[in-house]
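Residue numbers (our numbering): 19 to 159. Just so it is clear, CB atoms sit at the ideal spot from N, CA and C, and this is done for glycine as well. All values derive from a computational prediction rather than experimental measurement. Below: one structure, written as structure tokens.
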Amino acid sequence: MADIFDQIITGEIPAYKIYEDDTVLAFLDISQITPGHTLLIPKKHLQDIFEYNEDTAAQVLSKLPVIARAVRNSNPDIIGVNIFSNNGKGAGQVVPHSHFHIVPRYADDNFSITEFSNADQYSDAQYQKIADSITSHLQEN
Numbered sequence: 019m020a021d022i023f024d025q026i027i028t029g030e031i032p033a034y035k036i037y038e039d040d041t042v043l044a045f046l047d048i049s050q051i052t053p054g055h056t057l058l059i060p061k062k063h064l065q066d067i068f069e070y071n072e073d074t075a076a077q078v079l080s081k082l083p084v085i086a087r088a089v090r091n092s093n094p095d096i097i098g099v100n101i102f103s104n105n106g107k108g109a110g111q112v113v114p115h116s117h118f119h120i121v122p123r124y125a126d127d128n129f130s131i132t133e134f135s136n137a138d139q140y141s142d143a144q145y146q147k148i149a150d151s152i153t154s155h156l157q158e159n
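This is the structure:
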């Protein structure tokens with residue numbers, strides 16, 4: 019079943035394209051959190067980052083800095099960018115097609131990502147247990 023991004027890739031739905039090659043497409047997000055908010059997607063339908071293999075990751079992720087620089091350089095008022103990707107419904111993913119948000123930041127924008135720290139709730143042993151659990155699940159492809 020084709021999602022909205024598949025329809026943008028095939029041209030069924032128009033988009034303000036920023037960059038396109040055989041494997042990726044970058045276009046303006048219709049929501050425009052801030053002016054210049056851009057999405058980078060693989061053309062191959064992959065639901066989320068968990069479906070990437072090493073080749074796909076190289077093809078898609080190598081374009082992130084290229085697109086981010088273009089977004090930043092497009093407006094002298096841009097003072098930085100946020101790059102993020104929601105993977106899975108539990109993480110807030112709305113469109114079931116992998117995508118990366120590149121959101122320009124301006125001195126006077128009202129979009130905020132709250133920084134927080136739970137460091138005071140973890141002991142060295144708890145950190146090590148978490149690290150060991152993650153490490154035990156690393157897979158080479």
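Where residue i falls: helix, strand or coil (DSSP)
i	result
residue 91	helix
residue 131	coil
residue 59	strand
residue 66	coil
residue 151	helix
residue 108	helix
residue 144	helix
residue 159	Below a pLDDT of 50, predicted positions are generally treated as unreliable, and residue 159, at 46, falls in that range; the measurement from the model is reported next regardless. In this structure, residue 159 counts as coil in the three-state DSSP scheme.
residue 50	coil
residue 20	coil
residue 72	helix
residue 16	This structure cannot speak to residue 16, because the chain is shown only from 19 to 159.
Proximity below 8 angstroms, CB of residue i to CB of residue j
i	j	result
residue 121	residue 134	no
residue 77	residue 28	no
residue 22	residue 113	yes
For residue i, the residue or residues it bridges with in DSSP
i	result
residue 35	45
residue 82	In the DSSP output, where bridge partners are listed per residue, residue 82 has none listed.
residue 122	99
Same chain only: Cβ atoms within 8 angstroms of residue i, ignoring 5 sequence neighbours per side
i	result
residue 101	82, 86, 118, 119, 120 and 121
residue 52	121, 122, 123, 124, 127 and 129
residue 69	116
residue 159	Its pLDDT being 46, under 50, residue 159 is placed unreliably in this model, and the value from its coordinates should be taken loosely. Closer than 8 angstroms at Cβ, skipping near neighbours: 71 and 72.
Proximal residues to residue i (C-beta, below 7 angstroms), its chain only, five neighbours per side dropped
i	result
residue 66	105, 106, 111 and 116
Same chain only: Cβ atoms within 6 angstroms of residue i, ignoring 5 sequence neighbours per side
i	result
residue 35	45
* To do: Would you be able to state if there are at least three C-beta pairs under 8 angstroms between the segment 93–101 and the segment 59–69?
  => Under the three-pair Cβ rule at 8 angstroms, the segment 59–69 does not count as touching the segment 93–101.
* Take every Cβ of the segment 139–157, pair it with every Cβ of the segment 99–113, and state whether three or more of those distances are shorter than 8 angstroms. => Output reads no: the segment 99–113 does not touch the segment 139–157.
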